[in-house]
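What follows is a set of notes on a single structure, which appears directly below.
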Amino acid sequence: MNKIICENYDKMSKMAAQIVSDQIKSKPDSVLGLATGSTPIGMYKELVRMFQAGELDFAKVITFNLDEYYRIEKNNQQSYHYFMNEHLFKHININPENTHIPDGNTESVEKECKNYDNMIKKAGGIDLQVLGLGINGHIGFNEPDSELIAYTHLTPLKQKTIQANSRFFNSIDEVPKHAITMGMANILQAKKILLLISGKNKAEIAHKIFNGKITTNIPASFLQLHPDTTVIMDREAAEYIEF
Ligand code: F6R
Numbered sequence: 001m002n003k004i005i006c007e008n009y010d011k012m013s014k015m016a017a018q019i020v021s022d023q024i025k026s027k028p029d030s031v032l033g034l035a036t037g038s039t040p041i042g043m044y045k046e047l048v049r050m051f052q053a054g055e056l057d058f059a060k061v062i063t064f065n066l067d068e069y070y071r072i073e074k075n076n077q078q079s080y081h082y083f084m085n086e087h088l089f090k091h092i093n094i095n096p097e098n099t100h101i102p103d104g105n106t107e108s109v110e111k112e113c114k115n116y117d118n119m120i121k122k123a124g125g126i127d128l129q130v131l132g133l134g135i136n137g138h139i140g141f142n143e144p145d146s147e148l149i150a151y152t153h154l155t156p157l158k159q160k161t162i163q164a165n166s167r168f169f170n171s172i173d174e175v176p177k178h179a180i181t182m183g184m185a186n187i188l189q190a191k192k193i194l195l196l197i198s199g200k201n202k203a204e205i206a207h208k209i210f211n212g213k214i215t216t217n218i219p220a221s222f223l224q225l226h227p228d229t230t231v232i233m234d235r236e237a238a239e240y241i242e243f
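Counted from 1, the sequence shown has number 217 at position 217 by my numbering; the numbering is strictly sequential.
This is the structure:
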């Protein structure tokens, strides 16, 4: 794993956007795996700036988001559909038909998950997967457990995740208890992975994913198996990292 520590969130976000931009410039029809949550917001802001400055063209880019709450309507302001639109899609020239997010309101979860995996496969797999890190070590919504699931699936959210994500909702009771998420194989099959970690509350878990041990109790520890993963952290998140 290539580890980079940046002075602050802003520098981390700009460096991440540069990596995404380099990917798109080297392959205009890149397939990007995208994350939601607080961490990548600065990166999306910088990508929008690059697009508005005429430095970046999303016309041929294809995207697959990691996850969506279940059940949630697309137009719910807490949905990841809404998030992606607000922070990225509506500001750039991406073809809406090229953007994919699991349907968190599907009547047939099994069909939705199979279809999502097939669409990723048909697109040629993910060229660059952007990830955030849960405080419990989750990536996507692959939560710590005795076993992890390879492909797209419905998963219950752990109490720690519900608690952490309740900051976006009026009350903790409103946080959906399930999500549809890409699985570990979907993520690990990406050609390149970019993991972003920001803030003091991630320092403890950040240091545990680099310690040479791989455990299903910390799904992000599996990233140590991937041949082309870059981790960008801000100084607060990197407090316990040793070089
Ligand atoms: C979001 C996702 C999650 C988040 C993680 C960190 O699509 O898959 O794994 O990346 O929960 O969230 P933040 O960035 O809000 O701390």
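The C-beta atom is built at its ideal place from N, Cα and C for all residues, glycine as well.
Three or more C-beta pairs below 8 Å linking the region 187-198 and the region 154-167: no
Selection from Ser13, Leu148, Tyr240 and Lys25 that minimises the alpha carbon distance to Ala220: Leu148
Leu131 CB to nearest heavy atom of the ligand F6R below 7 Å: yes
Same chain only: Cβ atoms within 8 Å of Gly212, ignoring 5 sequence neighbours per side: Gln224
Thr63 Cβ short of 7 Å to the ligand SAM heavy atom set: Looking for the ligand SAM in the displayed structure turns up nothing; the ligands present are the ligand F6R.
Classification of Ile187 by the beta-carbon crowding that lies within 10 angstroms, buried from 16 upward: buried
Cβ-heavy atom distance, Thr36 to the ligand F6R, below 7 Å: yes
Per DSSP, cross-strand counterpart(s) of Gln159: In the DSSP output, where bridge partners are listed per residue, Gln159 has none listed.
Closer than 7 Å: Tyr80 CB and nearest the ligand F6R heavy atom: yes
Per-residue DSSP class, three states only, for Asp22: helix
Collapsed DSSP secondary structure at Tyr240 in the structure displayed: coil
Paired residues, beta bridge with Met233 - DSSP: Ile5 and Ile197
Check: Thr216 C-beta below 7 Å from any heavy atom of the ligand F6R: no
Proximity of Ala179 and Tyr44 at Cβ, strictly below 8 Å: no
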